[in-house]
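Chains as they are written, first to last, in our numbering: chain A, 1 to 450; chain B, 451 to 900.
Even glycine gets a Cβ: it sits at the ideal position worked out from N, Cα and C.
Read through the structure below, which is laid out as structure tokens, and then see the notes.
There are 2 protein chains.
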Amino acid sequence: MIEILKKIAPSEKEKEKFSRTAEKLLAEVEKEVKKIDSRISIALLGSASRDTWLRCEKDMDVFVLFPLEYEKAQLEKIVTQIGRKILKKPEKRYAEHPYVKGFYDDFEVEIVPCYAIESPSHLKSAVDRTPFHDAFVKEHIKGKENEVRLLKQFLSGISCYGAEAKVEGFSGYLCELLIAKYGSFEEVLKATQNWKRGEIIHFGNVSEEGLREKFPSPLIFIDPVDANRNVASALSEQKFSKFIFAAKEYLKKPRREFFFPRKRVVNRKALLKKFKQRGTELLALTFSKPNVVDDILYTQLRRALNVLKNLLQNKDFSVIGIDYSVSNRICIFIELESLEIPSARLHLGPEVNTWHERKFLEKYENYRGKFTEPFIIGRRWAIFLKRSNNAKKFLQEFLSQRNLEEKGMPSHVAQSLEKDFSIKINEGAFLEEFLPALQEYFDPRFAWER
Amino acid sequence: MIEILKKIAPSEKEKEKFSRTAEKLLAEVEKEVKKIDSRISIALLGSASRDTWLRCEKDMDVFVLFPLEYEKAQLEKIVTQIGRKILKKPEKRYAEHPYVKGFYDDFEVEIVPCYAIESPSHLKSAVDRTPFHDAFVKEHIKGKENEVRLLKQFLSGISCYGAEAKVEGFSGYLCELLIAKYGSFEEVLKATQNWKRGEIIHFGNVSEEGLREKFPSPLIFIDPVDANRNVASALSEQKFSKFIFAAKEYLKKPRREFFFPRKRVVNRKALLKKFKQRGTELLALTFSKPNVVDDILYTQLRRALNVLKNLLQNKDFSVIGIDYSVSNRICIFIELESLEIPSARLHLGPEVNTWHERKFLEKYENYRGKFTEPFIIGRRWAIFLKRSNNAKKFLQEFLSQRNLEEKGMPSHVAQSLEKDFSIKINEGAFLEEFLPALQEYFDPRFAWER
Numbered sequence: 001m002i003e004i005l006k007k008i009a010p011s012e013k014e015k016e017k018f019s020r021t022a023e024k025l026l027a028e029v030e031k032e033v034k035k036i037d038s039r040i041s042i043a044l045l046g047s048a049s050r051d052t053w054l055r056c057e058k059d060m061d062v063f064v065l066f067p068l069e070y071e072k073a074q075l076e077k078i079v080t081q082i083g084r085k086i087l088k089k090p091e092k093r094y095a096e097h098p099y100v101k102g103f104y105d106d107f108e109v110e111i112v113p114c115y116a117i118e119s120p121s122h123l124k125s126a127v128d129r130t131p132f133h134d135a136f137v138k139e140h141i142k143g144k145e146n147e148v149r150l151l152k153q154f155l156s157g158i159s160c161y162g163a164e165a166k167v168e169g170f171s172g173y174l175c176e177l178l179i180a181k182y183g184s185f186e187e188v189l190k191a192t193q194n195w196k197r198g199e200i201i202h203f204g205n206v207s208e209e210g211l212r213e214k215f216p217s218p219l220i221f222i223d224p225v226d227a228n229r230n231v232a233s234a235l236s237e238q239k240f241s242k243f244i245f246a247a248k249e250y251l252k253k254p255r256r257e258f259f260f261p262r263k264r265v266v267n268r269k270a271l272l273k274k275f276k277q278r279g280t281e282l283l284a285l286t287f288s289k290p291n292v293v294d295d296i297l298y299t300q301l302r303r304a305l306n307v308l309k310n311l312l313q314n315k316d317f318s319v320i321g322i323d324y325s326v327s328n329r330i331c332i333f334i335e336l337e338s339l340e341i342p343s344a345r346l347h348l349g350p351e352v353n354t355w356h357e358r359k360f361l362e363k364y365e366n367y368r369g370k371f372t373e374p375f376i377i378g379r380r381w382a383i384f385l386k387r388s389n390n391a392k393k394f395l396q397e398f399l400s401q402r403n404l405e406e407k408g409m410p411s412h413v414a415q416s417l418e419k420d421f422s423i424k425i426n427e428g429a430f431l432e433e434f435l436p437a438l439q440e441y442f443d444p445r446f447a448w449e450r
Numbered sequence: 451m452i453e454i455l456k457k458i459a460p461s462e463k464e465k466e467k468f469s470r471t472a473e474k475l476l477a478e479v480e481k482e483v484k485k486i487d488s489r490i491s492i493a494l495l496g497s498a499s500r501d502t503w504l505r506c507e508k509d510m511d512v513f514v515l516f517p518l519e520y521e522k523a524q525l526e527k528i529v530t531q532i533g534r535k536i537l538k539k540p541e542k543r544y545a546e547h548p549y550v551k552g553f554y555d556d557f558e559v560e561i562v563p564c565y566a567i568e569s570p571s572h573l574k575s576a577v578d579r580t581p582f583h584d585a586f587v588k589e590h591i592k593g594k595e596n597e598v599r600l601l602k603q604f605l606s607g608i609s610c611y612g613a614e615a616k617v618e619g620f621s622g623y624l625c626e627l628l629i630a631k632y633g634s635f636e637e638v639l640k641a642t643q644n645w646k647r648g649e650i651i652h653f654g655n656v657s658e659e660g661l662r663e664k665f666p667s668p669l670i671f672i673d674p675v676d677a678n679r680n681v682a683s684a685l686s687e688q689k690f691s692k693f694i695f696a697a698k699e700y701l702k703k704p705r706r707e708f709f710f711p712r713k714r715v716v717n718r719k720a721l722l723k724k725f726k727q728r729g730t731e732l733l734a735l736t737f738s739k740p741n742v743v744d745d746i747l748y749t750q751l752r753r754a755l756n757v758l759k760n761l762l763q764n765k766d767f768s769v770i771g772i773d774y775s776v777s778n779r780i781c782i783f784i785e786l787e788s789l790e791i792p793s794a795r796l797h798l799g800p801e802v803n804t805w806h807e808r809k810f811l812e813k814y815e816n817y818r819g820k821f822t823e824p825f826i827i828g829r830r831w832a833i834f835l836k837r838s839n840n841a842k843k844f845l846q847e848f849l850s851q852r853n854l855e856e857k858g859m860p861s862h863v864a865q866s867l868e869k870d871f872s873i874k875i876n877e878g879a880f881l882e883e884f885l886p887a888l889q890e891y892f893d894p895r896f897a898w899e900r
């Protein structure tokens, strides 16, 4: 454990450098805001202020706290001005409301405007809670900062660290709260072994009634500064399950590989052999990467998978698995029982001698796409109809339409597809750039078992 | 209609010949029974006695009515003796109890022993009802015999005539009762248009409560001589539906083809083309015909279809259709989406962190038939396992076992399969002998529309 901590906890020297830089930055920001209004205050919040940052993380979150009478538009304008003046490569970003991101020395800095509210029950925007989070965490994890670091690194090693759409895992704040709740890294891992789906955790004074309906999430961790918020709302079933199982395995046999997994070596030939043994078929759809922030990109990619899967299944193609991989381009790969299916499908109609019978018989009387006349199976009408029989051809035609967004495809993915796409199959679908993702699909291994 | 009747109703001359033969036969039987016991009586029953027989039917059912104190074994012995003496090619047959079948002049004769009971409520065997059926029908269809003949021929033309397992249609007695109930052939057809599945028909004095649970059959026609019996119990959903639709079409446009359908010409080449267009695959299993009566044969064949269908579906083969054809040999043909399926199948296991998790992981730790290690999908464990990938090979192996009856295959079919069988696929499955059945399958046509 000491060995792990050595790698992830910043040294005294690093902390000193960090503090010096932070002081300098805060002084500069303070100077600017005081020019505008002496009532505006500033604060360094987040892991930087709580001493729970990992050595590899070089983030500083500077909050600018405005009096309540300021308009949102003013907040944005002021913070943008300050960012432009102080930061290198300043960029305006939007979460629920705007903030500025840029660089200061080696550090990645966010300058975030919020309202100086008296209590979290008077929220004007989501970020107004942050100062209260900071106070709560500082009070409850004093002396346990390294436990937070261990938990963060463990989650990072098993790809469960971060609440962003790309990960759908555990946020830094959630890690801090888990340590505050259970006391140490190891106690958190032990606690997970009793978690059930829909597990509710809080610091008291919360009624559990109706919480599972309100928060349809595998884990419900009530925010100690706002009982109406589930801190774990971004956590997916997949990452919830994975964390619990990783904890089980770690407790059985602790290993450094949980924190620092080995890199997998990709062997194209071995991978192709694995694929061929399965006897299935593969389709890879590649298109250019939409120029949007990751949170939007990954959310849309997940929706796109659903759209494509349903589309193929509605056409009777049997989808075994579907996943995406993001590189310079995007690849959505789909494993199918078969790329070709029969042209004929048995279509069951209404029962004989019911009201719908006549409509059914009239509809198919001179229908072009039929293989047989209507006939009776047991109590029902039936007929063999024609259908698309090739998945590649079907997708090619579907994606060549000009109005993919109307067909349910998420906007940015739709635009990208309308510009260009390509479909490769089987061996041709094993594109160099996406081999790691294909390997994870065809030969899944837990990070600590590579 | 007159034209139809001319073809199906016996002429006066034929009726005369029929009567003379019947008299002669009855006299001979009577002479024999009186030698044994003067209390034994005889009667000509069935369509012969009711004058509802079709010209093509040359059947006579002679019932021998015994006093109640006779043992069943004695009935059998006596009737067998008489049959051997009077009939040509006498053969013992078994329905619920034994009877003798043979020939007398040109006629097919059955000599059936039963008990001379006073009322159908004192039944000792199923055939004891027949004399009462006779009395009821004679009383109610007087003058409407030709209406019965039209209905019988209509049903015959659409393959719905006969309650035997081969047909699963309408018995002669049921035809007579329908005419008794509705008055004429056309009124029966009209009545069917209001039939719902589970239709209940009776001649009064019957409580309908609980009848549908008691008789799970599409049509429930309560026997006027025994309220505990459904005369239509052998009728399948298929034939029930077909009759109703045929009636609808006939009422719209009466045609002689309903009574006398054209023979279909089989064109092997055209049929093969139809099959290839569908893009499906065909498997034909042929084996020798078990030497049992039709009622047992067809019942077992239908069960065998279910066994084979479930077997294939349990192994993930997608069965589109399955049917049998009886010729000198038996052929069971199965249309599949594909004869080959991938070797890999996704197997979903228990939820993560549940009691079953450990058993699942232990089971597959050193499992031979796996393509991947266990992994997590959402909240559940999953793994890719190996499976049979060729339907022909799989069936070949299954049917080569020595204990097919234990595996659910009906006894006579099992024995026949254990002796020999052969499996042909696709073009090779289009065996000359079974082309008519394949044509009905791949290009189904109603009898009146050929």
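One alpha carbon belongs to A472(B), the other to I492(B), and they sit about 12 Å apart. Your pair I158(A) and A447(A) checks out as a contact, with CB atoms roughly 5 Å apart and the cut at 8 Å. Bridge pairing for F783(B): A734(B), D773(B) [DSSP]. Sixteen is the threshold: when 16 or more other Cβ atoms of the shown chains lie within 10 Å of the Cβ of H133(A), as they do, the residue is buried. Bounds of the beta strand (DSSP E) holding L798(B) are 794 to 801. Scanning its chain for C-beta atoms nearer than 6 Å, with the 5 sequence neighbours on each side dropped, one finds around F434(A) the residues S325, C331, in chain order.
Sequence-ordered contacts of the segment 4 to 30 of chain A with chain B are nonexistent [C-beta pairs closer than 7 Å]. In this structure E432(A) is exposed. Its beta-carbon is surrounded by fewer than 16 other beta-carbon atoms within 10 angstroms.
Counting only Cβ-Cβ distances below 7 Å, E373(A) has contacts in chain B at P894, R895, in chain order. Under a criterion of Cβ atoms nearer than 8 Å, no residue of chain A is adjacent to E636(B); the nearest Cβ is some 18 Å distant. Exclusion of the five residues before and after Y814(B) leaves K820, P824, I833 as the residues of its chain whose Cβ lies within less than 7 Å of its Cβ.
In the DSSP assignment, R50(A) falls within the alpha helix (DSSP H) that extends over 47 to 50.
DSSP, read as helix, strand or coil, puts K631(B) in helix. Residue burial annotation: P570(B) is buried, with at least 16 other C-beta atoms found within 10 angstroms of its C-beta.
Between V127(A) and R50(A) a beta carbon distance of about 16 Å is seen, past the 8 Å cut, so the two are scored as non-contacting. Separation of the CB atoms of E335(A) and K239(A) is rounded to 22 Å, and the pair is thereby denied contact status at 8 Å. Within 8 Å of the CB of Q865(B), no CB atom of chain A is found; the nearest one sits about 29 Å away. For N310(A), the enclosing alpha helix (DSSP H) stretches over residues 294 to 314. Within the segment 877 to 888 of chain B, not one residue has a Cβ closer than 9 Å to any Cβ of chain A. Listed along chain A, no residue sits closer than 7 Å to L701(B) by beta-carbon distance, the nearest being about 13 Å off. With contacts defined by Cβ atoms closer than 9 Å, I201(A) and V802(B) do not form a contacting pair. By the neighbour-count criterion, in which a residue is buried when 16 or more other Cβ atoms sit within 10 angstroms of its Cβ, K481(B) is exposed. As DSSP reads the structure, A493(B) sits in a beta bridge with F513(B).
Contact annotation: in the segment 837 to 857 of chain B, residues whose CB is within less than 7 Å of a CB in chain A are N839. The shortest CA-to-CA distance from S606(B) to any of W503(B), V550(B), R662(B), V529(B) is the one to W503(B).
Rounded to the nearest whole angstrom, the C-alpha separation of L404(A) and K723(B) is 37 Å. Contact annotation: in the segment 234 to 245 of chain A, residues whose CB is within less than 9 Å of a CB in chain B are S236, E237, Q238, F240, S241, K242, I244, F245. For R829(B), a Cβ of chain A is located within less than 9 Å of the residue's own Cβ. At a beta-carbon threshold of 9 Å, none of the residues of chain B lie near F63(A); the nearest stands roughly 37 Å away. The beta-carbon distance between Y565(B) and L518(B), rounded to whole angstroms, is 6 Å. This is short enough to meet the 8 Å contact definition.
Taking a cut-off of 8 Å on C-beta distances, the segment 180 to 194 of chain A touches the segment 245 to 252 of chain A, as three or more cross pairs fall below it. Counted as a single uninterrupted DSSP element, the alpha helix (DSSP H) harbouring Y250(A) occupies residues 237 to 252. Around S861(B), the same chain offers Q750, E855 as residues with beta carbons nearer than 8 Å, after the five sequence neighbours per side are excluded. Think of a sphere of 7 Å around the beta carbon of G607(B): no beta carbon from chain A falls inside it, the nearest being about 16 Å out. In the structure shown, G157(A) falls within a helical segment according to DSSP collapsed to helix, strand and coil. A check of alpha carbon separations from E340(A) across E731(B), F604(B), W805(B) identifies E731(B) as the nearest.
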